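Residue numbers (numbering that gives the first Met the number 0), protein chains in the order written: chain A, 0 to 269; chain B, 0 to 288; chain C, 0 to 280. Beta carbons: idealized from backbone N, C-alpha and C, even for Gly. Predicted, not measured: the structure shown is a model, and the values here were computed from it.
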Amino acid sequence: MVRDVAFGQYFPGKSLIHKLDPRAKILLLIGFLVIIFCTFNYFSLLLVILFTALMIFSSGVPAKFYFKSLKVIIFILVITSVLNLFYGTGEPIWQWGIIKLTVNGINRAVFVTIRIICLILASSCLTFTTSPTELTDAIERLMKPLNKIHFPVHEIAMMMSLALRFVPTLLEETDKIMSAQKARGADMDSGNIIKRVKALMPVLIPLFVSAFRRAYEIATAMECRCYRGGSGRTKMKSIHMSKRDAFSFIALAAIICGVILCNIFIPAVI
Amino acid sequence: MSSVLELKNLSFVYGQKTPFEKRAVDNVSLSIEKGEFIGIIGHTGSGKSTLVQMLNGLIQPTEGQVLLDGEDIWQNSKEIRKVRFKVGMVFQYPEYQLFEETVYKDIAFGPTNMGKTEQEIDMAVRKAAEFTDLKPELLQKSPFDLSGGEKRRAAIAGVIAMDPEVLVLDEPTAGLDPMGRDVLLSQIVQYHKKRKNTILLVSHSMEDIARVADRIIVMNESHLVMFDKTREVFSHGRELEKIGLRVPQITKIMLELKEKGYDVPDGILTVDEAFSAVSSLLKKEGKIW
Amino acid sequence: MNFISLENVVFSYTDDENVKCEKNAVDGVSLDIKKGEFVALLGHNGCGKSTIAKHLNAMLLPDSGRVLIDGDDTSDEEKTYDIRKKVGLVLQNPDNQLVASIVEEDVAFGPENLGIPPQEIRERVDYALKAVGMYEYREHAPFKLSGGQKQRVAIAGILAMLPECIVLDEPTAMLDPNGRDEVLSTLLNLNKEKNITVVLITHYMDEAVLADRVVVMDSGKILTQGTPDKVFSQVELLKKHRLDVPQSTELANKLRGCGVKIDKMPLDTEACVKMLEEVLK
Chain A
0 MVRDVAFGQY FPGKSLIHKL DPRAKILLLI GFLVIIFCTF NYFSLLLVIL
50 FTALMIFSSG VPAKFYFKSL KVIIFILVIT SVLNLFYGTG EPIWQWGIIK
100 LTVNGINRAV FVTIRIICLI LASSCLTFTT SPTELTDAIE RLMKPLNKIH
150 FPVHEIAMMM SLALRFVPTL LEETDKIMSA QKARGADMDS GNIIKRVKAL
200 MPVLIPLFVS AFRRAYEIAT AMECRCYRGG SGRTKMKSIH MSKRDAFSFI
250 ALAAIICGVI LCNIFIPAVI
Chain B
0 MSSVLELKNL SFVYGQKTPF EKRAVDNVSL SIEKGEFIGI IGHTGSGKST
50 LVQMLNGLIQ PTEGQVLLDG EDIWQNSKEI RKVRFKVGMV FQYPEYQLFE
100 ETVYKDIAFG PTNMGKTEQE IDMAVRKAAE FTDLKPELLQ KSPFDLSGGE
150 KRRAAIAGVI AMDPEVLVLD EPTAGLDPMG RDVLLSQIVQ YHKKRKNTIL
200 LVSHSMEDIA RVADRIIVMN ESHLVMFDKT REVFSHGREL EKIGLRVPQI
250 TKIMLELKEK GYDVPDGILT VDEAFSAVSS LLKKEGKIW
Chain C
0 MNFISLENVV FSYTDDENVK CEKNAVDGVS LDIKKGEFVA LLGHNGCGKS
50 TIAKHLNAML LPDSGRVLID GDDTSDEEKT YDIRKKVGLV LQNPDNQLVA
100 SIVEEDVAFG PENLGIPPQE IRERVDYALK AVGMYEYREH APFKLSGGQK
150 QRVAIAGILA MLPECIVLDE PTAMLDPNGR DEVLSTLLNL NKEKNITVVL
200 ITHYMDEAVL ADRVVVMDSG KILTQGTPDK VFSQVELLKK HRLDVPQSTE
250 LANKLRGCGV KIDKMPLDTE ACVKMLEEVL K
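Spelled out as C-alpha cells, the structure:
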C-alpha cells in the first residue's frame, strides 16, 4: 500500500539529535552530504560510514525505520551500482563480449552504493528527528536574508509545511479512490504504457478535484484562525543555537578534516 | 432459496509479519440468501469495512474463502474483475470518485469496463439513472456541477449500472441531511424491491437499519458477534450497548419500559410499532378507546 | 447585553461571473445570542445556516442589515481580526482545518497568528488540549487520529485563541456515533464549565435537544425558535418541512393525537420512559 512509505515521517523523541537546533541540523546535513561525495578511498569512506552510524545511533529512532526508508530506493540503488560496475576504466579482470569487469568498476559500484545509502540515511535522520514545522521554520529562518530581495520566504515555508501535512491525507485518499474505481472494473494493472496512463485518469481527476476543494477549505480555516501572512507572527517553539549545536559542528569539522587528510595521504581508488 | 454469498472461516491480517500486524477480520463464516436485505453494524475499526471489501475481491483474504454462487472468487485470480461486476460496491462518500466530463459518461464507466455494447451501455445508464431518480437532463451535465445529493446519487448510479447481483453500500447516507437521507434510503429500498437482488448496507444509523434490513450482521473487534433477524438483534439491546453500539431510540425506550415490568413486545423497531403497543396497553386499562 | 446580534441580515452569493444570485441565501434574519448561551441552528442543507455561521466571524459580510459582535460591526475592517479572535469558527471536515503535522503545533497556529509570546502560547496550547481531553495526544500526527479526535483538536485550535464564542458548522456530520458523542460532550463541557457561548449548526435533532435554545431555519429565514421542548412540540410544522423529530417526541405526539394528556414533550429516552410510565400508571 502507498501508505507504508517511511521516508519523510517524524518520530517525536528527546534524543541528542532531536534536541539540536533544526537550522543546525540542516546545515550539518548539507555539510555532510558534500563530504560524502568527497570520499575517494576506503579510509575516508569508513569515516563517513562511522559518522552515519553514530547519527543513527544517537537519534534514538529504531534502526528498522531507517531500513524501511532504504527499501524505497532499492531499485535505484541496484541500477546505479550495476551500471557503475561495468563502466570502470583500466585493465579488465573478466570479460564477456562487450561486458567487462574492472577493479575500478567494482570500486565505483561500492562507492556509489555506500554514498547513496549514507545520503538517504543521513537525510532520513533529519526528517525522522525534526517535525515538519520545525523544518520549515528553520528553512524560513535560514532564508530570511532573501526577504531583502522580496523573495516570499514565509509563504514558501508555509506552503512546504502544508504540503508535508497533507501528503499522508492525500495518499490515503488515493488509496480510497483507487479502490472505488477498481470496484467499477477499472483495470490498472495490465496493458501497455499508454493504456496504463489512461487508466490513471479516473484516479487522478478525482484526486485533483479533491485537492482543490481541500485547498479552498484549508484557506478558509486558516483565515478563521486569524492567519494574515508572516508579519506579526510568533512561534510557540522558538529555536536557538546552544552548546549542543556548537559540539555538533565541531564533530562535523572533525570528519571533514579526517576525510581531507585521508584524501591527501592515501591514494584515491576511483 | 439458495445462498448467493457464503463466507467460510474468512480472516484478514494487515501487515502480516511486521510489528504492525493486525487481525482485521477473524474467522468469519456466514451465508447470505438471494434477495435478502442485510444490515451490517459495528463501530469504527470493528472490521466491517475490511469484511465488505473482501466480498468483491478488493482485498484478498489471508485465510478462508468467499463463495459467490457457490464458487470461490479467488479460484482464478485473473478473473477477479468479473467478480467486481457481480458484487457492486458503493464506498463512503462515493461522489469523490466522479471523474468524467458528463454524468452519463461517468455512469457508463462500469458497463464500459464490462465490455458491453453501446446499446447495452445506454440501456444500463438510463435504467440506473431512473433507479436513482436522476432527471434525464442531468445526464449531459458535468458531474461537478451537480448538487451534493445529486452527486451522491450519480455515483451510486455508476455502480447500479453494472447491474450487480449483490450490491454493497458503505454508509450511503453519511453527511446528508435528514431529508436527503430519507429520500436516498427509500430509493435504495425501491431499487431492491424492483431488482430483487441482494443488498448489504453498512450504516451507523440504527434507525435506518431498523427500517430496511431483514437480517443484521454485527461485527465487534474483528469478530462476527451476531447474525440474525433485525428484530432479534435489536431485542439484545443491552448486549449491543456492551460492545459500544446502540439500538434505535424507540427500541431502547420500549426495552426500558419492559424492564420496568410493562407488558410490551421485544425488539420494537419503529415509532408506529411502539405506538400500537402502548395504545393497546392503554386500551386494556380503558384510558383510551 | 447581547453578545451576537443579527439585524435583518440579507445575503446572496455571487456566481462565477460575479453576478449576484437571485435567491438570497439568507433572507432577512434577525437573531440575538446572549453571552454563555448554547444555541443550536437547525435546518436542511442549503437553508442558509452555514451562511449565517460565516457572518458571525466576518468571513462574509451582509448585503444589507448588520451583524454586531460584542457591539462591533463586522463590516468594520479594522475589527475583523478582533472579531475572529472573539468568535472562533469550526468547520465540518476536521481533516481540512488542521494545518500542522503535529497536534500541539496545530493548536498553536491561532495564537501564533495573533503574535502571542512563545511562553504564553505554550500555556494556552496545554490549556486548550486539556479542555478537549486531547493533551495525551499532543505529539501525535493528526492523520492518525479518529474523526472525533481530529475534530476535538480543531476545537482546541480555536480555544487557544481564547474566544468568547465558538461557532461550529456541522462539526459532527462526518463522524461516527462515538465521535459525535465525544464532540458534543466536549461542547457541553466548554459551555457549562468555561462559560463559552456555543452556536452549534447541525441537522441532527438529537444534538439540537442539548441546546438552551433551538433556532430552525428554512429557505434563508427563521422558521421557529425557542427552548428545545417548545420547538420539538411543533411536530407537524417540522414534519411539513421534512425535518425529523426525535423518535421519543414523535411517539408522544402520536399519543397526544388520540387524546392522551402529555404535559411536557419528552426529548430523550429517559424523559420518554418517564412519560410513558406516568401515562400507564
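By alpha-carbon distance to S178 (chain A), the top candidate from B:Q59, B:V232 and B:K241 is B:Q59.
At a cut-off of 8 Å between beta carbons, S160 (chain A) contacts chain C. For Y13 (chain B), the enclosing beta strand (DSSP E) starts and ends at S2 to Y13. With a 10 Å radius around the Cβ and a threshold of 16 neighbouring Cβ atoms, S130 (chain A) comes out buried. Counting of Cβ neighbours within 10 angstroms places R183 (chain A) among the buried residues, the total reaching 16 or more. For L145 (chain B), no Cβ of chain A is located within less than 8 Å of the residue's own Cβ.
Taking 8 Å as the cut-off, the Cβ atoms of I32 (chain C) and I51 (chain C) do not count as close.
Chain-order list of chain C residues neighbouring G231 (chain A): G114, by C-beta distance under 7 Å. K34 (chain C) and T219 (chain A) have their C-alpha atoms some 25 Å from each other.
In the three-state DSSP reduction, A140 (chain C) falls in the coil class, being neither helix nor strand. Per DSSP, Q96 (chain B) lies in no beta strand (DSSP E) and is assigned neither H nor E. DSSP lists C:D31 and C:L67 as the beta-bridge partner residues of S4 (chain C). F110 (chain A) is positioned such that its CB atom lies closer than 8 Å to that of T38 (chain A). By the rule that beta-carbons nearer than 8 Å mark a contact, V196 (chain A) does not touch chain B.
The beta carbon of H239 (chain A) sits closer than 7 Å to those of D20, all from its chain and outside the five residues before and after it, given in chain order.
Judged by DSSP in its simplified three-state form, V51 (chain B) adopts helix.
Residue nearest to C261 (chain A) within the set A:D136, A:C124 and A:L46 is A:L46 (criterion: CA-CA distance). Put simply, the CB of M160 (chain C) is near chain A, with a gap under 8 Å to one of its CB atoms.
Taking C-beta atoms as the reference points, A99 (chain C) and T233 (chain A) fail to come closer than 8 Å. Using a CB distance below 8 Å, the part of the segment 191-223 of chain B facing chain C consists of H203 and E206, ordered along the chain. Put simply, the CB of G184 (chain A) is near chain B, with a gap under 8 Å to one of its CB atoms. Within chain C, the residues N95, Q96 and V98 have their CB atoms less than 8 Å from the CB of I217 (chain A), given in chain order. In the three-state reduction of the DSSP assignment, D180 (chain C) falls in the helix class. The three-state secondary structure of Q224 (chain C), taken from DSSP, is strand. The DSSP-derived three-state label of S189 (chain A) is coil. With its beta carbon less than 8 Å from one in chain C, A220 (chain A) belongs to the interface. DSSP, reduced to helix, strand and coil, places R195 (chain A) within a helical segment of the structure shown.
Shown here for M113 (chain B): same chain residues with a beta carbon closer than 8 Å to its own, the five before and five after excluded, namely F84 and M161 in chain order. With respect to chain A, the C-beta atom of F11 (chain B) has no partner C-beta closer than 8 Å. Looking at the DSSP output, N219 (chain B) bridges to B:H222. For G157 (chain B), the three-state secondary structure derived from DSSP is helix.
Look at E32 (chain B) here: in three-state DSSP terms it is strand. In the structure shown, V86 (chain C) adopts extended strand secondary structure according to DSSP, grouped into three states. Per the C-alpha coordinates, the member of C:K19, C:C20 and C:L88 positioned closest to I217 (chain A) is C:L88.
Within 8 Å of the CB of F90 (chain B), no CB atom of chain C is found; the nearest one sits about 14 Å away. Here DSSP, grouped into helix, strand and coil, assigns V81 (chain A) to helix.
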